[in-house]
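Protein chains: 4
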Amino acid sequence: MSDINKVVLAYSGGLDTSVIVKWLQETYNCEVVTFTADIGQGEEVEPARAKAKAMGVKEIYIEDLREEFVRDYVYPMFRANTLYEGEYLLGTSIARPLIAKRLVEIAEETGADAISHGATGKGNDQVRFELGAYALAPGIQVIAPWREWDLNSREKLMQFCEDHQIPVDFAGKKKKSPYSMDANLLHISYEGGNLEDPWWEPEEDMWRWSVSPEAAPDAPTYITLTYEKGDIVAIDGERLSPADVLSKLNKLAGDNGIGRLDIVENRYVGMKSRGCYETPGGTIMLPAHRAIESLTLDRESAHLKDSVMPKYAELIYNGYWWSPERLALQKLIDATQDNVNGDVRMKLYKGNATVVGRQSDNDSLFDASIATFEDDAGAYDQKDAEGFIKLNALRLRIAAKNGRKLS
Amino acid sequence: MSDINKVVLAYSGGLDTSVIVKWLQETYNCEVVTFTADIGQGEEVEPARAKAKAMGVKEIYIEDLREEFVRDYVYPMFRANTLYEGEYLLGTSIARPLIAKRLVEIAEETGADAISHGATGKGNDQVRFELGAYALAPGIQVIAPWREWDLNSREKLMQFCEDHQIPVDFAGKKKKSPYSMDANLLHISYEGGNLEDPWWEPEEDMWRWSVSPEAAPDAPTYITLTYEKGDIVAIDGERLSPADVLSKLNKLAGDNGIGRLDIVENRYVGMKSRGCYETPGGTIMLPAHRAIESLTLDRESAHLKDSVMPKYAELIYNGYWWSPERLALQKLIDATQDNVNGDVRMKLYKGNATVVGRQSDNDSLFDASIATFEDDAGAYDQKDAEGFIKLNALRLRIAAKNGRKLS
Amino acid sequence: MSDINKVVLAYSGGLDTSVIVKWLQETYNCEVVTFTADIGQGEEVEPARAKAKAMGVKEIYIEDLREEFVRDYVYPMFRANTLYEGEYLLGTSIARPLIAKRLVEIAEETGADAISHGATGKGNDQVRFELGAYALAPGIQVIAPWREWDLNSREKLMQFCEDHQIPVDFAGKKKKSPYSMDANLLHISYEGGNLEDPWWEPEEDMWRWSVSPEAAPDAPTYITLTYEKGDIVAIDGERLSPADVLSKLNKLAGDNGIGRLDIVENRYVGMKSRGCYETPGGTIMLPAHRAIESLTLDRESAHLKDSVMPKYAELIYNGYWWSPERLALQKLIDATQDNVNGDVRMKLYKGNATVVGRQSDNDSLFDASIATFEDDAGAYDQKDAEGFIKLNALRLRIAAKNGRKLS
Amino acid sequence: MSDINKVVLAYSGGLDTSVIVKWLQETYNCEVVTFTADIGQGEEVEPARAKAKAMGVKEIYIEDLREEFVRDYVYPMFRANTLYEGEYLLGTSIARPLIAKRLVEIAEETGADAISHGATGKGNDQVRFELGAYALAPGIQVIAPWREWDLNSREKLMQFCEDHQIPVDFAGKKKKSPYSMDANLLHISYEGGNLEDPWWEPEEDMWRWSVSPEAAPDAPTYITLTYEKGDIVAIDGERLSPADVLSKLNKLAGDNGIGRLDIVENRYVGMKSRGCYETPGGTIMLPAHRAIESLTLDRESAHLKDSVMPKYAELIYNGYWWSPERLALQKLIDATQDNVNGDVRMKLYKGNATVVGRQSDNDSLFDASIATFEDDAGAYDQKDAEGFIKLNALRLRIAAKNGRKLS
């Protein structure tokens, strides 16, 4: 362990990662660089500075990455209508590659030879951090304390804190959740505790970012989202930066009881786990993006996207954002978004985010003169359908004549 | 046109198909056999008998196909978590293959040489009827009056009725909708009229099977669905037939404002069209099925299903239910459902169908002793994760060492 | 038919398309513009000028498109290792989009309102020409004489020639093949005649571009192909243009009995058909491209390409080169080729095109120090494999413990 | 290491696995059960008995698994036209699941608590053995000596032999290859040594099962293969068991210089490796199976198979034969083979295995009356093609009218 001189730690300022600072200093006899990012988790990041300093950290990075996060990670992912296992909006997964990237960049800047993080050995996050780090800095070393140390019970951890004068109310006075939580501008997640019983319905006060549908206003809220190349650029006509778009949607959705999800998912490391997620803004963004695409995107492009989406979602979930295959898929996806321009009108009401209108001045492929049930003045020759059907049926007829049975 | 002696018509008893009866008799100088099926559209089918008789039809088939419809078509489709274009539950599409099958079976029984239907030349339904018919009876002839005749305006149609003594209130006294509608036990659809403007929000009284979320009860309804091999066999412990399951779910969902969808979709014949759909029960069934699978289905089986689902949905939408490729995919899907057994608890509330619990006595693959955040007593060795990550990262590291950039 | 003033015809200079010139002039009373392209079919194109002129054609386009054909169509397709139905190198399919593009460009230049071609109503080529034309010029009209006229027997055609003073030896004195043939720089195809019996082995003298393996030299020929970004830029160190690369490979392969294929394929219009193809150069290019990729392309990028290749091939075969979905797939494919640089050594011998070596100075991902069976000096920690296997097995073990059977 | 009482070893009778016998006895102080299978590797298995006995092994399993191997593993795999990375016939991969299955079955029979194998920590085979074992016997322990011991050089291994009186000419007097080889009835593989330079062409005498194309007979050999449900049941009219079919094809192909492959492949554990393979019979079987399918299999079924094949191949290569997803895919594949019946005629000549004819008495979907270039007597209405093309082009035209560019 003597070959580690300096390590960059993804440092939240909380108790666990504070313990890691000490443990790294002691175990590896190395310098620790802390990196604390505001990715919209809704907590102050500045207090991490004093804490790190108090533990003797000399190089302290505190950064606001919210715009970069939404612009370069969340938005590209939503262009693909991405859902993992049909339901999960990948709120945790999508934040990890950005952290991994900054960790190794800071390691290079500071001459560190390793990075470290506070993710456990059972979860997906260790994989996402480390695959990203290795992909961007192949010579980097990774220290994953939770896989190495023996502080694997709350008691041992507390003892370690006492031994090393780490104040146990480090994380502040805020109400302690019984759940393991992770938050960023896209979502907040809950795991562990009672959720380990998949039959158990979470109690109302677990949820933090949204009111319940029951508690939401009795009148709906209508909003209009403006899209350019598949990304939201304005809400109700007001142009906003990516992070501001997502912040505002989180507020609107959360106020209307929108964005809760309760699932059992399959982790990359092999087990099933229960997760509850609040993704208020994202829960509006998914159907809204599909709606603007429904008007402006060619059918076969849309179907091609749908056919590769599960793979794309799996890559992000499994931690392969920084991989050539994700990039190649992104090229395909982005190539379809040039004309995904226009407006979507959404109704928000007690948990429901409903598309009620979509329009595009220049890029609509919806041609009412063809689709109409009224006289179309020759725009479409119904007789063409006969040949279309006949030739599509030809192989089926030949097989049936051959005596093939369809059962 | 002299080679048609007898034609089996999919006859609703309504005005349009009544016109077709007359038009076929006159144009082809042939006998018409009418086939009217109860597939849960919510209208009496028996009145069709007298109407057909009045027009001189001698062979009249009136059948209750609700159980067959749900058991052999709806249920298999839901095993695949099928959605067309990410959103549409395929309510219209899935009823067509059954009608096509009965049409050609009746043609064989009655010695008819052709079938006929009332679908227009612009839509998907003509394709679904005809592909199905050709696949099952390769020598059958198809007469699609809307592609052939010149009664392509309301006035001409009315004139034809007058000329042939067809009472124009044939369809009964019920409120006339301004929309083109289609219904079966799975859903009701609305097209045309104001909906041809995709920015226009449908008025509340268009919807027929559900109350609005606003009008739904202020207290949630909880239900428990019991699954066997991927199919619902009981609601709240009461064993029900497939059609009874769906009927009951329709009622429960409709009462709670659940099941409305408003989309622009891509038709197989090439244009985009606006459709509004009410699929009350189906909107419960989709997340519920995913929930029971989340507990009982292997990860890679689930992902494999997800990867072929868009293709499977496209096949059904496009009318290829009766095709060898749909059957081959069904084999794959059904092979995954043997252990999809257990219960799902759902909360129904003002438009939301939310999974709040899932359990399986014998088939749960959720292993709390492994997934736990607590001490797992050695069920999972966290150190394994290092090797897992290292080998998964190997190709990425080699590439990065080679100087490859990921951007 | 009075609304056609001018039509651009894909004119080979042969008998059939000469008949079409006359038939168009007469039937549509319109001006005909002829377009004759050298795409490497191995026949003089210049003689078409005099023939067209003799029939009164005023606007005559004769173009050498060989470089454009290989550079913009053949090369991009080979980047994807494209095979239709596992075997067919798409020699005919890939030439059609270029012809379609020039037809509509010439139509625009000359103010023509229609295009025309000599493809029959049973084949894929009509589809490829017309889809391409419609995609690039949505308002164009298409005249497909073989679907319209009644000259559907050799006798009627000859009578038409006699009536219109078209010399029946128009196509020249060269030996008449009993097969329907099509050629370009990538391949030559044979259909019809005896080939309509799929059990019948084609006689040796059907093949035109290659000697038989039996007649090929008894000594092998070795060549080295140099790749840049997935495209061949040099043979045996000599830099060549795309068309010159393909010409030279055709010669080398043909001389060594390489490139024959005899298959039954599935046409887009619904029937199976027997086709024999000679694709000499292409038969070298496919394994060579795979070989250079095997050294320089990341595993998952390669597998991703393989997973979309059948779809990509189908698009080209079916005539959707000019479609947004083909373009989106091309973006994905091209994004993987930046590092596909290096040399492949091939042995050509009596029908076999065998890879015997591959190297890349800067882009090889083959790391002998890791892969070696010898001591690797710590480049790879074999113990990592245990964790890798254990976690990959976890879901399988949980299922087996649950009593799941794998059979 | 005290918890292992008995271990079943995949024992070849060669030096390495003999060392493992001793090493296991000594290291784990446990009983060793040897399992030696004839899967067509072309070496006597019976001598393994005396060797095992001499080392004190009491339970010795020696089995002829050739028929089971071909019938239950090779044949199902060939139904899918399986190729890994476009070229590799998976000869090594497909034998592993059978060995894994027998290992755990014997463990159960003999009350052993572990299995062991002689695969290294760098290769795919360890993964295949162990995933299979864990999937079938979730509680089994696995001992992989090459990942554990320190005998990682030839010298240490020799010293171990000397120390434990293991005769170093254990493997017999046969010529020692400089390559790492693996053989079964489907193929023989070569790795390591000079092959670690991917530019190096293997010397002629490396290959063992085939003559070179140059040395093959100057006259071709013709054979006819008869298929039932996708499997070969007879050669030249003689019904043969699966293993006899493959043996005979190996002989025919090997004699004609057929079946050599030289590739760089991507291992599951993350690195690229060079492999040379001789798969004589398999190299005939692949195009032959495609040929009989080309006549008897529906187009869309064939394309569906092609679209999932890369995934299926990857599963087998990576060691997931014993997984629910492979089984689900197998259901899909097998569902397409019911009508894959008939004969394929192949020409074997100096490295080439060429299809020259295919026929099926009852299951041919090739309809010459439709496909013909001659008059088809109305079997196909060429005018249908116009509607087919028009509707397929509709979305492209609408997009082009909207001003979309295709580039």
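Chains as they are written, first to last, in UniProt numbering: chain A, 1 to 407; chain B, 1 to 407; chain C, 1 to 407; chain D, 1 to 407.
For every residue, glycine included, the Cβ atom is placed at its ideal position computed from N, Cα and C.
Small disclaimer: the values here were computed from a predicted structure and weren't measured.
Pairing Q41/D with N194/D gives a Cβ-Cβ distance that is not under 8 angstroms. Inclusion of V8/D and T110/D in the CB contact set at 8 angstroms is warranted, their separation being smaller than that value. Beta-bridge annotation (DSSP): N352/D is paired with Y349/D. With respect to chain B, the C-beta atom of D298/D has a partner C-beta closer than 8 angstroms.
For D367/A, the neighbours in chain B by C-beta distance under 8 angstroms run, in chain order, M271, K272. The beta strand (DSSP E) runs of length 3 or more contained entirely in the segment 218-272 of chain D are, from start to end of the chain, 221-228, 231-235, 260-266. If you look at I62/A, you'll find it in the beta strand (DSSP E) that goes 59-64. Closest option to Y179/D, judged by alpha-carbon separation, among K390/D, W207/D, P167/D: W207/D. In the assembly as shown, G403/A is an exposed residue. Its beta-carbon has fewer than 16 other beta-carbons within 10 Å. By the rule that beta-carbons nearer than 8 angstroms mark a contact, L252/C does not touch chain B. Under the three-pair Cβ rule at 8 angstroms, the segment 258-273 of chain C does not count as touching the segment 224-244 of chain C. Taking P97/C as the centre and dropping the five residues before and after it, the same chain places the C-beta of G132, W321, W322 closer than 6 angstroms to its C-beta, in chain order. Around the beta carbon of P310/D, 16 or more other beta carbons sit within 10 angstroms, so the residue counts as buried. For I398/B, the enclosing alpha helix (DSSP H) has its first and last residue at 384-401.
In the three-state DSSP reduction, I166/B falls in the coil class, being neither helix nor strand. Pairing A393/D with K390/C, the inter-Cα distance amounts to about 51 angstroms.
From the beta-carbon of F388/D, the residues of chain C found nearer than 8 angstroms are V127, V269. For K331/C, the chain A residues whose Cβ falls inside 7 angstroms of its Cβ are K331, L332, A335, in order along the chain. For V45/B, same chain residues with a beta-carbon under 6 angstroms away, outside a window of 5 residues either side, are T36, D38, I62 in chain order. At least one CB of chain B lies nearer than 8 angstroms to the CB of E201/A.
Think of a sphere of 7 angstroms around the beta carbon of R208/B: no beta carbon from chain A falls inside it, the nearest being about 18 angstroms out.
One alpha carbon belongs to N152/D, the other to F160/D, and they sit about 11 angstroms apart. Close partners of L98/C in chain A (Cβ separation under 7 angstroms) are lacking, with about 21 angstroms as the shortest Cβ gap. Taking C-beta atoms as the reference points, V264/C and F366/D count as a pair closer than 8 angstroms. Within the DSSP secondary-structure output, D182/B pairs in a beta bridge with S189/B. Of V308/B, G254/B, A328/B, D343/B, the smallest CA-CA separation from I232/B is found for D343/B.
The beta carbon of G351/C falls within 8 angstroms of a beta carbon belonging to chain D, placing the residue at that interface.
Contact between T296/D and V340/D is confirmed by a C-beta separation of about 5 angstroms, below the 8 angstroms threshold. A residue is called buried once 16 or more other Cβ atoms fall within 10 Å of its Cβ, and A107/D is buried on that count. For W209/B, the closest C-alpha among the options G378/B, V168/B, S12/B, D182/B is that of D182/B. Judged by their CB atoms, K347/B and A216/B are not nearer to each other than the 8 angstroms cut-off. F78/C and H289/C do touch by the CB rule: their CB atoms are close to 6 angstroms apart, below 8 angstroms. In this structure, the CA atom of A335/B is about 16 angstroms from the CA atom of Y312/D. As computed with DSSP, T36/B is found in a beta bridge with I62/B.
Look at A328/A: its C-beta is under 8 angstroms from a C-beta on chain C. For Q141/A, the uninterrupted beta strand (DSSP E) segment begins and ends at 141-143.
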